[in-house]
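Have a look at the structure below, then the notes.
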Amino acid sequence: MELEDELGDILEKGRDGKSWSQADLAESTGMTLQEIVRIENYEWTPQKKVIFKIADALNLHGPSLAAIAAAEWSPKKEIPVSGNFDVICLNVFMGNYPVKCYLLICRESRSTAIIDTGANPGEIIKKTRELGVEPEMILLTHTHPDHAGGLSKLDREFGCPTWVDKLEPRPFGSRNMRLIEEGDSIILGNLKIETIPTRGHTLGGISFKVDQSVFSGDSIFSGSMGRANSSWKDLFNSVSQNLLTLPKSTRLYPGHGPSTTVGEEKLHNPFFYDKS
Ligand SMILES: [Fe+2]
8 MELEDELGDI
18 LEKGRDGKSW
28 SQADLAESTG
38 MTLQEIVRIE
48 NYEWTPQKKV
58 IFKIADALNL
68 HGPSLAAIAA
78 AEWSPKKEIP
88 VSGNFDVICL
98 NVFMGNYPVK
108 CYLLICRESR
118 STAIIDTGAN
128 PGEIIKKTRE
138 LGVEPEMILL
148 THTHPDHAGG
158 LSKLDREFGC
168 PTWVDKLEPR
178 PFGSRNMRLI
188 EEGDSIILGN
198 LKIETIPTRG
208 HTLGGISFKV
218 DQSVFSGDSI
228 FSGSMGRANS
238 SWKDLFNSVS
248 QNLLTLPKST
258 RLYPGHGPST
268 TVGEEKLHNP
278 FFYDKS
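First residue of the sequence shown? That's 8 in the numbering used here, and the numbers climb one at a time after it.
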């Protein structure tokens with residue numbers, strides 16, 4: 008199970024949290040600039056003791072970072088749980104880059120939501136036909152093109168409302184846009200979907216929670232965090248305070264990479280080890 012982020016990505020995001028340049032990290036660890044550049048370009052994986060030194064400088068959890076660098080850790084495989092809904096995970100590509108989009112289906116009513124559209128949502132349409140479901144809403148965790156670029160195609164296909172946080176830049180393509188206010192929940196068949204603000208990757212980033220499953224967009228990845236396009240501090244705080252305070256068994260479905268749980272990330276994510 009391949010993680011979304013490698014050592015180089017994690018270093019870059021760790022530096023971002025401190026507003027450090029590569030030269031700053033080199034200076035603080037006594038390494039050369041060239042060594043930092045090579046790590047971030049995926050050209051060099053240093054020994055454990057060097058990784059611990061870097062982790063220390065960036066306030067990351069050393070053992071977790073070393074385990075990811077050595078490809079020794081990935082989250083436990085998801086075991087389907089019996090409940091009143093199904094989650095279908097789809098890889099929807101933008102070029103070669105996969106984005107995780109999800110179908111959330113109420114088992115009793117067959118009511119279906121699409122969570123994020125990807126850029127080219129043909130795969131989503133195909134799956135709904137295979138399953139014989141007619142989506143009645145589109146939920147957007149945020150509106151980056153790889154997550155919302157397929158909106159107009161899905162709007163034409165299904166003609167259903169699209170929900171997006173009121174703080175998020177409006178995406179193109181929906182003829183029926185509903186804005187999420189703080190504390191809103193959304194009803195899908197017999198399911199209640201709660202909204203959880205997860206700001207920082209974007210201004211109006213939001214996660215959707217149903218029962219013990221959370222669709223968390225690009226806020227947290229298994230073993231890493233999203234890129235802080237809006238605010239690193241907001242992103243770190245919203246993940247620590249709004250997601251990782253949920254019960255350990257809560258399943259997180261991110262926008263990229265494998266699904267994970269709150270418990271796994273609190274034990275193995277170098278950014279969030281023991282941080283909530
Ligand atoms: Fe994104």
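We put the CB at the ideal spot given by N, CA and C, even for glycine.
Item: Report, in whole angstroms, the separation of the C-beta atoms of F92 and C113, which I expect to be a contact under 8 Å.; Value: 5 Å
Item: Sort out for me which residues DSSP pairs N236 with in a bridge.; Value: Bridge partners of N236: none, in fact.
Item: Answer yes or no: do P142 and F165 have a C-beta to C-beta separation smaller than 7 Å?; Value: yes
Item: To which residues does DSSP link E201 through a beta bridge?; Value: S192, K216
Item: For G69 and S28, what's the separation of their Cα atoms in angstroms?; Value: 20 Å
Item: Going by the beta-carbon positions, is the gap between L72 and I58 smaller than 7 Å?; Value: yes
Item: R185 bridges to which residues according to DSSP?; Value: W170
Item: Alpha carbons only, please: which of N236, F100, S229, V44 is nearest the one belonging to E9?; Value: S229
Item: Nearest to G90 by CA position, among T209, L198, A64, L186, is which residue?; Value: L198
Item: Considering only residues of the same chain and omitting the five flanking positions on each side of L97, which have a CB-CB separation below 8 Å?; Value: K107, C108, Y109, L110, G125, E130, I131, K134
Item: Residues around ligand 1, please: the ones whose beta-carbon is closer than 6 Å to some heavy atom of it, in chain order.; Value: H149, H151, H154, H208, D225
Item: Can you give the Cα-Cα distance for M101 and N127, rounded to whole angstroms?; Value: 7 Å
Item: Tell me whether R163 sits in a helix, a strand or coil according to DSSP, three-state version.; Value: helix
Item: Can you tell me where the alpha helix (DSSP H) with R136 in it begins and where it stops?; Value: 129-138
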